[in-house]
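**Student:** Chains as they are written, first to last, in our numbering: chain A, 1 to 132; chain B, 133 to 264. C-beta atoms are modelled at their ideal positions from N, C-alpha and C, and glycine is treated no differently. Predicted, not measured: the structure shown is a model, and the values here were computed from it. This is the structure I want to talk about, given as structure tokens.
There are 2 protein chains.
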Amino acid sequence: MNNKEKLRKAGLRPTKQRMIIADILLDGINRHFTAENLQNEINSSGNSMSIATIYNCLKKFRNCGLIKQVESSKDTAIFDTNINQHHHFLDEETGKLIDIENDEVNLHKLPKIPQGYLNNGVEVLIKIKKQI
Amino acid sequence: MNNKEKLRKAGLRPTKQRMIIADILLDGINRHFTAENLQNEINSSGNSMSIATIYNCLKKFRNCGLIKQVESSKDTAIFDTNINQHHHFLDEETGKLIDIENDEVNLHKLPKIPQGYLNNGVEVLIKIKKQI
DNA sequence: TTTTACTTTAAAATCGTTCTAAACTACTTG
DNA sequence: CAAGTAGTTTAGAACGATTTTAAAGTAAAA
Ligand SMILES: [Mn+2]
Ligand SMILES: [Mn+2]
Ligand SMILES: [Zn+2]
Ligand SMILES: [Zn+2]
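In structure tokens:
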């Protein structure tokens, strides 16, 4: 399926701007990035785009499940092209994230979900620190 | 150990402002809060404090290990008086966090820590959603 | 007591993100 | 295709959380 079809299937009009972003993000490579990172890639590809449009598109892509947003206490939002359920190593010094595939972690015992709620996804974060 | 001693032990001068905050936060009750939440509590206690001082103190307290900061993709920092290793339920709709004690989770299989790094803490986040 | 380093503060600045409103474009309908 | 319309892009303004500034205040050291 090409990117135009992917956008259509997600219910998004394949505009020029969304296609530029899809061409960068939906290439099958897993990565973590900020809106500014993406703007730099767009610029490098010979295109340009308003930062408002980049935020609009990232939000649409995320809400359609084409990308994810990572839980992170950094002040800048981090997005993730790996949409499979997976986990992360986090180097708190640098903010760098490394994927952990889902089958690398085995949660043996899980607490009971609070009354009236449903489990909506489990994320494991392993904080790591450079060895001295 | 009283709060003045706790601050001294943490290497912090027990100033009037830090004592006011310690009296609120270090009462042994586990809670999640923002800088603004804390300012409201300070006001309710009949005191007042510049928001810059509140941020300064929270950062110092966190760096000394008197409190923690939660990983959260919300735009407002969330702090935690529960400094034991523990986990969270997160209702993504409301942002509400609920503690999960460490022994309620059992990680059976963990991935190998990347070369040159040390494990610096594991956090499990269980996203939950209101049942319909 | 004097000195020193650290702390607090109001206000300004910063920075990521969202909003506004006007111009533009993709899709629908005739 | 031609119009109509609903959705999208944009520059720039606005916003809100957090940090910085720089001057006044306070705690600890000498
Ligand atoms: Mn955050
Ligand atoms: Mn943010
Ligand atoms: Zn990832
Ligand atoms: Zn907690």
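At least one CB of chain B closer than 8 Å to the CB of A:Phe-33: is that the case?
**Tutor:** Within the first sequence, residue 33 of chain A is the residue found at index 33, counting from 1. Output row for A:Phe-33: interface = no.
**Student:** Please report the Cβ distance between A:Gln-17 and A:Met-49, rounded to the nearest whole angstrom; I am assuming they are in contact, meaning their Cβ atoms lie under 8 Å.
**Tutor:** Your numbering for residue 17 of chain A matches position 17 in the first sequence. Your numbering for residue 49 of chain A matches position 49 in the first sequence. Contact holds; Cβ gap of about 6 Å.
**Student:** Taking buried to mean at least 16 other C-beta atoms within 10 Å of its own C-beta, is A:Asp-137 buried or exposed?
**Tutor:** Summary: the structure shown does not reach residue 137 of chain A, with chain A confined to residues 1 through 132, and so no result is reported for it.
**Student:** Give a yes or no on whether the C-beta atoms belonging to A:Leu-107 and B:Leu-239 are separated by under 8 Å.
**Tutor:** For the purposes of this step, residue 107 of chain A is taken as the residue at position 107 of the first sequence. For the purposes of this step, residue 239 of chain B is taken as the residue at position 107 of the second sequence. Result yes, Cβ atoms of A:Leu-107 and B:Leu-239 sit closer than 8 Å.
**Student:** Nearest-angstrom Cα distance between B:Glu-168 and B:Lys-241?
**Tutor:** Taking the second sequence and counting its residues from 1, the one referred to as residue 168 of chain B is at position 36. Taking the second sequence and counting its residues from 1, the one referred to as residue 241 of chain B is at position 109. Rounded to the nearest angstrom, the two C-alpha atoms are 39 Å apart.
**Student:** Which stretch, first to last residue, makes up the alpha helix (DSSP H) that contains B:Leu-157?
**Tutor:** Within the second sequence, residue 157 of chain B is the residue found at index 25, counting from 1. Residues 148–157.
**Student:** What's the gap between the Cα of B:Lys-228 and the Cα of B:Gln-263?
**Tutor:** For this step, residue 228 of chain B is matched to residue 96 along the second sequence. For this step, residue 263 of chain B is matched to residue 131 along the second sequence. C-alpha separation (whole angstroms): 15 Å.
**Student:** I think B:Ile-174 touches B:Ile-210, with their Cβ atoms under 8 Å apart; what is that distance to the nearest whole Å?
**Tutor:** The residue given as residue 174 of chain B occupies position 42 in the second sequence. The residue given as residue 210 of chain B occupies position 78 in the second sequence. About 17 Å separates the two Cβ atoms, so there is no contact after all.
**Student:** From what residue to what residue does the beta strand (DSSP E) around A:Ile-98 run?
**Tutor:** Position 98 of the first sequence holds residue 98 of chain A. Note, A:Ile-98: beta strand (DSSP E), 97–101.
**Student:** In terms of alpha-carbon separation, which member of A:Ile-51, A:Leu-118, A:Gly-28 and A:His-32 lies closest to A:Gln-39?
**Tutor:** Taking the first sequence and counting its residues from 1, one reaches residue 39 of chain A at position 39. The residue with the shortest Cα to Cα distance from A:Gln-39 is A:Ile-51.
**Student:** Helix, strand or coil for A:Glu-123? Go by DSSP, reduced to three states.
**Tutor:** For this step, residue 123 of chain A is matched to residue 123 along the first sequence. If DSSP states are grouped into helix, strand and coil, A:Glu-123 belongs with the strands.
**Student:** Kindly indicate which residue of A:Ser-73, A:Cys-57, A:Ser-72 and A:Lys-74 has the alpha-carbon position closest to the one of A:Leu-66.
**Tutor:** By 1-based counting over the first sequence, the position of residue 66 of chain A is 66. Comparing Cα-Cα distances from A:Leu-66 to each of A:Ser-73, A:Cys-57, A:Ser-72 and A:Lys-74, the minimum goes to A:Cys-57.
**Student:** State the beta-bridge partners of A:His-87 as determined by DSSP.
**Tutor:** Within the first sequence, numbered from 1, the residue matching residue 87 of chain A stands at position 87. A:Ile-100, per the DSSP bridge assignment.
**Student:** For chain B, check one thing: does any of its Cβ atoms lie closer than 8 Å to the Cβ of A:Asn-63?
**Tutor:** Within the first sequence, numbered from 1, the residue matching residue 63 of chain A stands at position 63. False, the Cβ-Cβ gap to chain B never drops below 8 Å.
**Student:** I'd like the span of the beta strand (DSSP E) that includes B:Asn-238, first residue to last.
**Tutor:** As a first step, residue 238 of chain B must be located in the second sequence, where it is residue number 106. Taken as a continuous stretch (DSSP letters only), the beta strand (DSSP E) holding B:Asn-238 covers 238–241.
**Student:** Using a Cβ cut-off of 8 Å, pull out every chain B residue sitting near A:Gly-46, in sequence order please.
**Tutor:** By one-based count along the first sequence, residue 46 of chain A stands at place 46. Within 8 Å Cβ-Cβ: nothing; A:Gly-46 doesn't reach chain B, min ~32 Å.
**Student:** Relative to the C-alpha of A:Cys-64, which residue among A:Asn-30, A:Leu-118, A:Asn-102 and A:Leu-7 is closest?
**Tutor:** The count along the first sequence starts at 1 and reaches residue 64 of chain A at position 64. When each option's Cα is compared against that of A:Cys-64, the closest is A:Leu-7.
**Student:** Report all residues for which the CB-ligand distance to some heavy atom of ligand 4 is below 5 Å; order them along the chain.
**Tutor:** Qualifying residues come out as B:Asp-212, B:Asn-214 and B:Asp-231.
**Student:** Among the residues of its own chain, which have a CB less than 8 Å from the CB of B:Asn-234, if the five just before and after it don't count?
**Tutor:** Sequence index remark: in the second sequence, residue 234 of chain B carries index 102 (1-based). Same-chain partners within the cutoff: Asn-216, Gln-217, His-218 and His-219.
**Student:** My understanding is that B:Ala-154 touches B:Asn-135, with C-beta atoms under 8 Å, so please give their C-beta distance in whole angstroms.
**Tutor:** The residue given as residue 154 of chain B occupies position 22 in the second sequence. The residue given as residue 135 of chain B occupies position 3 in the second sequence. Confirmed, Cβ separation roughly 4 Å.
**Student:** Candidates A:Tyr-117, A:Ile-113 and A:Thr-15: which alpha carbon is nearest A:Cys-54's?
**Tutor:** Taking the first sequence and counting its residues from 1, one reaches residue 54 of chain A at position 54. Position check: residue 54 of chain A holds Ile in this sequence, whereas Cys was assumed. Closest by alpha carbon: A:Thr-15.
**Student:** Anything in chain B within Cβ reach of A:His-86, meaning under 9 Å, just list it in chain order.
**Tutor:** Position 86 of the first sequence, counted from the first residue, corresponds to residue 86 of chain A. Within 9 Å Cβ-Cβ: nothing; A:His-86 doesn't reach chain B, min ~11 Å.
**Student:** Is the beta carbon of A:Asn-30 within less than 7 Å of some heavy atom of ligand 3?
**Tutor:** Along the first sequence, one-based indexing puts residue 30 of chain A at 30. Because some heavy atom of ligand 3 lies under 7 Å away, the Cβ of A:Asn-30 counts as near it: yes.
**Student:** Which of helix, strand or coil does DSSP assign to B:Ile-260?
**Tutor:** Numbered from its first residue, the second sequence carries residue 260 of chain B at position 128. Looking at B:Ile-260 - three-state DSSP - the assignment turns out to be strand.
**Student:** Per DSSP, which one or two residues make a beta bridge with A:Lys-68?
**Tutor:** On the first sequence, position 68 is the one that residue 68 of chain A refers to. For A:Lys-68, which the question treats as bridged, DSSP gives the partners A:Asp-80.
**Student:** With DSSP run on the structure shown, which of helix, strand or coil describes B:Leu-144?
**Tutor:** By one-based count along the second sequence, residue 144 of chain B stands at place 12. It is coil, neither helix nor strand.
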